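Below is one structure, written out as structure tokens; comments come after it.
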Amino acid sequence: VVLEKSKLLLGKEHPDTLIAMGNLAASYSALGRSKEAAELKAMVLEKSKLCLGEERPGNLVAMGNLALSYRALGRSKEAAELEALVLEKMKLLLGEEHPDTLRAMGNLALSYRALGQSKKAVELEVMVLEKRKLLLGKEHPDTMGAMGNLALSYGALGRSKEAAELKAMVLEKRKLLLGEEHPDTLLAMGSLALSYRALGRSKKAVELEAVVLEKRKLFLGEEHPDTLRAMGNLALSYRALGQSKEAAELEAMVLEKMKLLLGEEHPDTLNAMGNLALSYRALGRSKEAAELEAVVLEKMELLLGEEHPDTLCAMGNLALSYRALGQSKEAAELEAVVLEKMKLVLGEEHPDTLRAMGNLALSYMALGQSKKAAELEAVVLKKRRLLLGEEHPDTLHAIENLALSYKALGQFKKAVELEAMVLEKMKLLLGEEH
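Taking the numbering used here, the leading residue of the sequence shown gets 186, the next gets one more, and so forth.
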């Protein structure tokens, strides 16, 4: 309504009309309608360039906003290109240490992480953190935010211990500065729980997530999206502890509430449906899992397109359920499609591409095509060693999978050598009692 009135009264290119258009785009983003948001933001950017010229700070903000929607749509390469341009111009116009320049640098890092380029993300995030410490002090909320972002990139690189240490610092400072019940404190608590889960400390993760959920219920109510998100995170930790029945009960509740609050086609609703399917599969209810995953895939193809990373992830999950049902041929067919599209969309060395390659190899194994499986797994292992290092959990999984293929091929000496290597590294990383 506001936008229509602004167009009538002020004209389509008046600054206030563009502000109204930007506000509507932000609302679309909040509703998960990222495609419509991106279309509006592209219009705002085009009109801003015409009215204000290319180099004005207002245009750079519009460009950054469009990049956010591109990232939400899985178009992270385009997002990174825009954000690199924004960063370059911000440095020239505002200087290297201006808050908007640092924000642009942080946004570019987020796109790098989405592209699987977490090393590049870390380099930028370290710079942002150092500058924010100098300019704003160690305890400023923006400094804390920068520390949290760096921790996420450490996690993506498998440096979960360092990630957890940073997140624990953020949580401690937020408790002191904002109080135990502030939304940002609860966000930090949930983030630390994720790192604990990655470190195999799922019991500690559950303890933190239960606190987050309790406080969210008290302050936001049982049906707020953040409360439901907290419930979903607790369910993930239950599943990691092998308590898949409890996880499924929570996830079914989350899904029902999300359908009512956000609608059947909101990304968070589809994510909840996918999580419930994972718990069903863990419980041996693979037929029900496949039914849910087929719904998720169909809706994601309509909403996000066939080549969006989330759509490809949904296709990969459906393939896993097919394999669990003994339909390894159908699984391999889907996984081959996923792998090809991921190579094109995300690149050959993105973690999700390598995961897709590993999944296809497992289906080849299930089909008795152990030679093809071993060839793929050797590629996965080589790339993971280069990208993530020898001790990343994903690298160790790749070694285990390759060992299985060697066994199937009768190459027992090679298999034993690999398994011994994995065992030694697991002892060092997780301890003998894990």
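Idealized CB from N, CA, C, for every residue including glycine.
What you are looking at is a predicted structure, and each value in this text was computed from that prediction instead of being measured.
Residue j beta carbon less than 8 Å from that of residue i
{"i": "Leu539", "j": "Val565", "result": "yes"}
{"i": "Lys442", "j": "Leu413", "result": "yes"}
{"i": "Val355", "j": "Gly333", "result": "yes"}
{"i": "Tyr255", "j": "Ala247", "result": "no"}
{"i": "Ala499", "j": "Leu488", "result": "no"}
{"i": "Lys610", "j": "Leu581", "result": "yes"}
{"i": "Glu434", "j": "Gly459", "result": "no"}
{"i": "Ala294", "j": "Leu309", "result": "yes"}
{"i": "Gly343", "j": "Gly574", "result": "yes"}
{"i": "Ala563", "j": "Leu587", "result": "yes"}
{"i": "Gly532", "j": "Gly301", "result": "yes"}
{"i": "Leu245", "j": "Met275", "result": "yes"}
{"i": "Glu576", "j": "Leu603", "result": "no"}
{"i": "Arg260", "j": "Leu287", "result": "no"}
{"i": "Lys592", "j": "Ala600", "result": "yes"}
Anticipated Cβ contact below 8 Å, residue i with residue j, distance rounded
{"i": "Leu652", "j": "Thr370", "result": "As shown, the chain starts at 186 and ends at 619. That puts residue 652 outside it, with no answer to give."}
{"i": "Ala383", "j": "Ser338", "result": "Ala383 to Ser338, Cβ: 13 Å. No contact."}
{"i": "Gly375", "j": "Glu394", "result": "7 Å"}
{"i": "Met416", "j": "Leu455", "result": "No, Met416 and Leu455 are not in contact; Cβ-Cβ is about 16 Å, not under 8 Å."}
{"i": "Ser219", "j": "Leu258", "result": "5 Å"}
{"i": "Leu552", "j": "Ser513", "result": "5 Å"}
{"i": "Val271", "j": "Ala289", "result": "5 Å"}
{"i": "Leu351", "j": "Ala336", "result": "4 Å"}
{"i": "Val229", "j": "Ala210", "result": "7 Å"}
Buried or exposed by the 16-neighbour rule on C-beta atoms within 10 Å, applied to residue i
{"i": "Lys568", "result": "buried"}
{"i": "Pro536", "result": "buried"}
{"i": "Asn292", "result": "buried"}
{"i": "Asp201", "result": "exposed"}
{"i": "Lys226", "result": "buried"}
{"i": "Asn208", "result": "exposed"}
{"i": "Ala348", "result": "buried"}
{"i": "Ala457", "result": "buried"}
{"i": "Ala469", "result": "The amino acid occupying residue 469 in the given sequence is Gly; Ala does not appear at that position. Gly469 should be labelled exposed."}
{"i": "Gly511", "result": "exposed"}
{"i": "Gly543", "result": "buried"}
{"i": "Glu436", "result": "buried"}
{"i": "Gly249", "result": "buried"}
{"i": "Lys526", "result": "buried"}
{"i": "Ala150", "result": "Beyond the ends of the chain as shown, which are 186 and 619, falls residue 150; an answer cannot be given."}
{"i": "Leu497", "result": "buried"}
Inset, instruction - May I ask you to verify whether the segment 448 to 465 touches the segment 202 to 215, counting CB pairs closer than 8 Å and requiring at least 3? - result: no
Inset, instruction - State whether the segment 499 to 514 contacts the segment 471 to 483, with contact taken as three or more CB pairs (one from each stretch) at a distance under 8 Å. - result: yes
Legend entry - Three-pair Cβ contact test at 8 Å for the segment 425 to 434 versus the segment 454 to 469: yes
Inset, instruction - Pair every Cβ in the segment 548 to 557 with every Cβ in the segment 512 to 528, then say whether three or more of these pairs are closer than 8 Å. - result: yes
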